[in-house]
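Numbering (the UniProt record's numbering), first residue to last: 1 to 446.
The beta carbon of each residue, even a glycine, is placed where N, CA and C say it ideally should be.
Inspection log for the structure reproduced underneath, given as structure tokens.
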Ligand SMILES: *Cc1c(COP(=O)(O)O)cnc(C)c1O
């Protein structure tokens with residue numbers, strides 16, 4: 001796009017000026033529609049998501065037999081959810097705002113195997129690929145006990161195949177760990193943002209890590225190219241994959257069961273607001289999609305991005321999605337939130353979520369660190385910087401702009417019944433010394 005077109009974009013969408021100035025912004029999606037009106041246009045159906053859940057259930061005996069940390073949940077990869085009343089008080093005081101309703105955190109940081117939200121979509125897509133290969137070879141039938149996959153016959157079989165992926169770190173971890181365990185050859189193409197410990201951990205598991213000095217989009221592009229020339233190689237395409245997205249979406253049914261167990265109602269009188277840290281969009285998009293399938297208009301989903309990487313937000317505001325990147329607007333895509341350091345959003349996710357997402361906002365890196373340290377102090381919960389992006393959501397929703405949205409949805413009388421969920425997307429695998437450094441940074445930031 002040439003300069004004149006960018007000039008007119010800024011005229012049409014005044015918020016872009018604020019985004020370019022790297023200010024924190026809150027955006028309400030003008031294209032948000034009621035679920036009833038878009039239900040029949042959805043590309044991924046409830047059956048598709050159920051099918052994914054069934055597949056994960058088939059694999060549970062294998063997961064249980066190979067990852068002992070999943071024993072308690074019988075091989076199901078799921079995370080806890082928890083009330084955080086002390087953090088709520090801290091946030092209200094620190095930001096001088098009253099938060100209406102209840103505050104919860106969904107701890108995908110503690111998802112087994114990969115320690116981040118990527119344990120949903122990433123592991124799911126590898127399992128689906130592994131199942132297809134074995135079914136086609138006649139090694140497996142869907143009625144088998146899948147623990148048989150934990151054997152030399154299967155490992156030898158998978159060793160003829162390669163799996164490749166481009167990543168800022170966590171997707172590489174999830175794909176690398178599960179693929180290596182199954183017996184695949186794995187190549188992870190890591191962007192410059194990827195933390196050293198993530199590369200070290202993968203190499204220790206026998207994964208080939210290819211390092212790039214450029215950002216995420218380039219690592220994906222190179223990985224895709226290299227994979228395409230090898231007929232035995234399968235590329236996990238974070239920018240376009242429906243399988244990844246569907247794997248993430250299973251979170252909807254799972255969360256519903258958890259909230260029921262906690263006796264937390266979600267209905268017209270008790271709306272649910274969910275805040276999801278967003279990189280390329282697949283993780284938060286898939287989870288939000290799964291939640292909309294379960295709760296329809298009673299759930300309101302918001303994406304959260306760093307002020308230096310507002311890729312999805314710019315794509316949604318302009319409607320240009322993957323045709324634009326933050327660098328086009330003079331924004332540098334440099335953030336400590338490595339999981340969110342994505343300059344060009346997924347076009348597939350942006351279009352899929354165009355009418356389903358309630359809004360989006362940006363958050364400053366300094367605030368991520370402050371929330372990180374506060375969450376340790378108040379609730380003894382340890383997260384990586386990216387995973388704190390959701391915590392600004394309840395604050396924005398309690399501001400005058402947020403209340404405007406709540407009014408428009410006819411929810412003003414129900415505002416004290418709101419359940420807010422900050423989706424904490426990663427952190428449990430972070431080495432202690434690095435976590436200590438994060439903690440200290442947050443402690444000294446004003
Ligand atoms: C990947 C990631 C996200 C965002 O997921 P996308 O699919 O890239 O949008 C959020 N938080 C953490 C910790 C991540 O690793």
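Q: For the beta strand (DSSP E) containing residue 419, list its first residue and its last residue.
A: 419-424
**Q.** Cross-strand partners of residue 83 (DSSP beta bridge)
**A.** 104
Q: Check residue 352 in the structure and name its three-state DSSP category.
A: helix
Q | Neighbour-count burial assignment, residue 52, 16 or more Cβ in a 10 Å radius | A | buried
Q: Using beta-carbon positions only, say whether residue 215 and residue 241 come within less than 8 Å of one another.
A: no
Q. DSSP puts residue 267 in a beta bridge; with which residues?
A. 270
Q.
Is the separation between the beta-carbon of residue 6 and that of residue 297 shorter than 8 Å?
A. no
Q) Who are the Cβ neighbours of residue 20 in its own chain at under 7 Å, not counting the five residues just before and after it? A) 329, 330 and 331
Q) Does the Cβ-Cβ distance between residue 317 and residue 27 come in under 8 Å? A) yes
Q) Hey, residue 309 and residue 346: beta-carbon distance below 8 Å or not? A) no
**Q.** Three-state class that DSSP yields for residue 292 in the structure shown
**A.** helix
Q: Using the Cα positions of residue 451 and residue 119, report the straight-line distance between them to the nearest angstrom.
A: This structure cannot settle anything about residue 451, because the visible part of the chain is limited to 1 through 446.
Q.
Which complete alpha helix (DSSP H) runs does the stretch 162-232 hold, if anything under 4 residues is left out?
A. 170-182, 196-204 and 216-228
(Q) By the three-class DSSP mapping on this structure, what secondary structure does residue 308 have? (A) coil
**Q.** Cβ-based neighbour list, residue 292, same chain, cut-off 8 Å, excluding 5 preceding and 5 following
**A.** 35, 252, 299, 301 and 356
Q: Out of 58, 188 and 409, point me to the one whose CA is closest to residue 212's CA.
A: 188
Q | Inter-residue spacing [alpha-carbon to alpha-carbon] between residue 441 and residue 428 | A | 18 Å
Q) Considering only residues of the same chain and omitting the five flanking positions on each side of residue 15, which have a CB-CB separation below 7 Å? A) 25, 27 and 317
**Q.** residue 360 (DSSP reduced to helix, strand or coil)
**A.** strand
(Q) Nearest by alpha-carbon distance to residue 177: which of 265, 338, 114 and 152 is it? (A) 114
Q.
What does the alpha-carbon distance come out to for the pair residue 454 and residue 246?
A. The displayed coordinates of the chain run from 1 to 446. Any statement about residue 454 would go beyond what the structure contains.
**Q.** Beta-carbon contacts of residue 271 that lie in its chain and below 8 Å, excluding the five residues immediately before and after
**A.** 298, 299, 300, 409, 411, 414, 417, 418 and 419
Q: Could you check how far apart the C-beta atoms of residue 379 and residue 84 are, in whole angstroms? I think they sit under 8 Å.
A: 5 Å
Q: Give the single residue among 17, 219, 443 and 60 whose Cα lies nearest to the Cα of residue 150.
A: 60
Q.
Run through the DSSP bridge pairs and tell me what residue 300 is partnered with.
A. 273
Q. Does the count of Cβ pairs from the stretch 55-75 and the stretch 373-391 closer than 8 Å reach three?
A. no
Q.
Here's a check: name, in chain order, each residue in its chain whose Cβ is nearer than 6 Å to the Cβ of residue 348, leaving out the five neighbours to either side.
A. 240
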